[in-house]
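Trainee: In this note's numbering, the protein residues as written are 1 to 566.
(1) For residue 202 and residue 220, what's the separation of their Cα atoms in angstroms?
(2) For my contact list, residue 408 and residue 396 are in at a C-beta cut-off of 8 Å; report their separation, rounded to the angstrom.
(3) Does the region 439–448 come close enough to the region 353–367 to have 3 or more Cβ pairs within less than 8 Å?
(4) Quick one: measure Cβ to Cβ for residue 250 and residue 274, integer angstroms, because I've assumed they're closer than 8 Å.
(5) Using a Cβ-Cβ cut-off of 8 Å (strictly less than) and excluding sequence neighbours within five positions of residue 103, which residues of its own chain qualify?
(6) Can you check the region 428–501 for any beta strand (DSSP E) of at least 3 residues that lies completely inside it and give the ranges in chain order?
(7) Closer than 6 Å by C-beta to residue 33: which residues in its own chain qualify, once you throw out the five before and the five after it? Chain order, please.
(8) Along the alpha helix (DSSP H) that carries residue 421, what are the first and last residues, could you check?
(9) Give the range of the alpha helix (DSSP H) segment to which residue 523 is assigned.
(10) Whole-angstrom Cβ separation of residue 553 and residue 429, contact assumed at under 8 Å?
(11) What are the residues that DSSP puts in a beta bridge with residue 340?
(12) Would you say the region 484–495 touches the region 454–469, given that touching needs at least three Cβ pairs under 8 Å?
(13) Mind pulling the beta strand (DSSP E) runs of 3 or more residues that sit fully within the region 154–200?
(14) Kindly confirm or deny that the region 190–201 and the region 253–266 touch, where touching means at least three C-beta pairs closer than 8 Å.
(15) Report, in whole angstroms, the separation of the C-beta atoms of residue 130 and residue 79, which I expect to be a contact under 8 Å.
(16) With a 10 Å radius around its C-beta and 16 neighbouring C-beta atoms as the bar for buried, classify residue 141 as buried or exposed.
(17) For the candidate residues 117, 231, 31, whose alpha-carbon lies nearest to that of residue 196?
(18) Going straight from the alpha carbon of residue 151 to that of residue 68, what length do you get?
(19) Hey, does residue 161 have any beta-carbon neighbour from chain B nearer than 9 Å?
(20) Assign residue 425 to buried or exposed, taking buried as 16 or more other Cβ atoms, counted over all protein chains shown, within 10 Å of its Cβ.
(21) Just mark residue 538 as buried or exposed, buried being the case when its beta carbon has 16 or more other beta carbons within 10 Å.
(22) Please work out which residues of its chain come closer than 7 Å, Cβ to Cβ, to residue 374, disregarding the five sequence neighbours upstream and downstream, and give them in chain order.
(23) Residue 289 by DSSP, collapsed to three states: which one?
(24) Is the separation between the beta-carbon of residue 259 and that of residue 292 shorter than 9 Å?
(25) Run through the DSSP bridge pairs and tell me what residue 202 is partnered with.
(26) Return the Cβ separation of residue 532 and residue 403 in integer angstroms, given the expectation that the two are a contact with Cβ distance under 8 Å.
(27) Can you give me the start and stop residues for the beta strand (DSSP E) that residue 86 sits inside?
(28) Just grab the DSSP bridge partners of residue 367 for me.
(29) Considering only the beta carbon of each residue, do residue 93 and residue 358 sit closer than 9 Å?
(30) With a CB to CB cut of under 6 Å and the five nearest residues on each side skipped, what residues in its chain are close to residue 379?
(31) Which whole runs of the beta strand (DSSP E) in the region 87–133 are 3 residues long or more, in chain order?
(32) Extract the residue ranges of the alpha helix (DSSP H) inside the region 372–423, only unbroken runs of 4 or more that lie entirely within it.
(33) Which partner residues of residue 73 appear in the DSSP bridge assignment?
(34) To which residues does DSSP link residue 273 through a beta bridge?
(35) Between residue 312 and residue 228, what straight-line distance do the alpha-carbon atoms span, to the nearest angstrom?
(36) Nearest-angstrom Cα distance between residue 473 and residue 480?
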């Protein structure tokens, strides 16, 4: 009898264990849900009423606050009078370029309709933001913060701050996006911005009062430490940030914990986000200015925001603002001082690649040459290796998935190593797409032949920014690479008449955009797509087309292709 009981208990234990393992196998990470109403509002970022894109009535938009590996679901209602797309700047979208939100991967959300984005912040931590990618909408706002925190069991290499502030800085135009687009379509430049804004407000009127007011934008308790996440969401200029009387200890850059150096000011280039710790160690009765000013422009534009200690405000901030740094070498040296914190425990970018990137053999080297504008048909165009990108009516990724890529674009119109004669040839205006072999380790050289600082963003990936130097790149320059602790990031600057080298493993299947973060240059063609295909059309490598995916162009009424296999 006892033997039967033991047998029965054993069977129940097996059944219970199998059921538990089955439940665990299908257990998903937590979900974060938001619903957004995107529409116009009349606001005055620089003291002049103008049309601004708000989300749920906010500018900047609502914060997505999540933890590593969370699933994010955002239902976007487009109440603008134009099609809309949003992208998630720096979120890697593992195996899921369907949610990238660029015109090369997605059909836009038509006015009066909605679309639900669903993606996972897989193996990531750090400071990011979202913004509209449809033509020049970023010039009207529509951006907002996205913070990915470490899971509770993973130690962070600094104490929990008293509070956590996003600081969106960037240049701003008083002209609306339709007027700016008309300038570019007519062959003209956007020209010089009208000012700089901080979290949607600029300095105007008398003095340096943010929005013309004396009210603080940020508050701190004396002796406490705060995290400030600076992001440059502007359209044209690099921005230097600094805080009167306070130093900044850098702790994170674009999802990577850093060696914690201390700075008086930071150059934040277009599209970049830096996290710093600031300790409230000054006189608590005084107010202090947070200062943001353009760099490398003919005339610096400056804006300020007030920081006030709790219980303070009796003494106004000093009108003497801390000066911005001078010269290009200062900025280059600051870039070289940024180092990856190799001892930090956290979700790390590029999880399927190697942290020992300096020991991986390079399988492909691609040099992207960035030139001053060319005239095509009497109008300005920017190009990469002689091709100026234009978005087709059918998104590139959809055309590729449906098997009709040959009717929409051609692969590899540019050469990996363009010659002088290639670069001197007439610029071609066409979709610019290159084939990237799955899991190849590539070296990309960005060579800037222009007189302005540029920044480039790579979607779907983090890369190692191993070198920034003046002059032209040659193979012997590899001896100057940082092959040990370069920051893993997704946006990098390229200084005038200089080059930047980055390295990454193409381990994320999809159609991924590499773009100039200058709104003018991007709109006029300075971007490219990299197609990284799963060799076996396997779900292990890439997700299937979502059932809710918007369709347009020539694939709109076509039968859906067979799904990827598991």
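Idealized CB from N, CA, C, for every residue including glycine. Since we're looking at a predicted model, the values are computed, not measured.
Mentor: So, from the listed chains and residues:
(1) Distance from the CA atom of residue 202 to the CA atom of residue 220, rounded to whole angstroms, is 21 Å.
(2) Yes, residue 408 and residue 396 are in contact; Cβ-Cβ is about 7 Å, under 8 Å.
(3) yes
(4) 6 Å
(5) 85, 133, 134, 391, 395
(6) Whole beta strand (DSSP E) segments, 3+ residues: 433–436, 441–448, 454–458, 463–470, 491–494.
(7) The residues are 73.
(8) 420–424
(9) 519–523
(10) Cβ-Cβ separation between residue 553 and residue 429: approximately 18 Å, too far for a contact (criterion under 8 Å).
(11) When beta bridges are read from the DSSP output, residue 340 appears opposite 258.
(12) yes
(13) 164–172, 195–198
(14) The region 190–201 is not in contact with the region 253–266.
(15) Cβ-Cβ separation between residue 130 and residue 79: approximately 17 Å, too far for a contact (criterion under 8 Å).
(16) Residue 141 is classed as buried because its beta carbon has at least 16 other beta carbons within 10 Å across all chains shown.
(17) 231
(18) 6 Å
(19) This model lacks chain B altogether, as it is built from one protein chain only.
(20) In the assembly as shown, residue 425 is an exposed residue. Its beta-carbon has fewer than 16 other beta-carbons within 10 Å.
(21) exposed
(22) Cβ neighbours of residue 374 within its own chain (closer than 7 Å, five residues either side excluded): 381, 383, 427.
(23) strand
(24) no
(25) DSSP output for residue 202 lists 197 as bridge partner(s).
(26) Actually they do not touch by this definition, with Cβ atoms about 17 Å apart.
(27) 86–89
(28) 445
(29) Their beta carbons are not under 9 Å apart, which means residue 93 does not touch residue 358 by this criterion.
(30) 187.
(31) 114–120, 126–132
(32) 396–401
(33) For residue 73, DSSP records a beta bridge to 33, 118.
(34) Partner(s): 231.
(35) 20 Å
(36) Put simply, the backbone Cα of residue 473 is about 11 Å away from that of residue 480.
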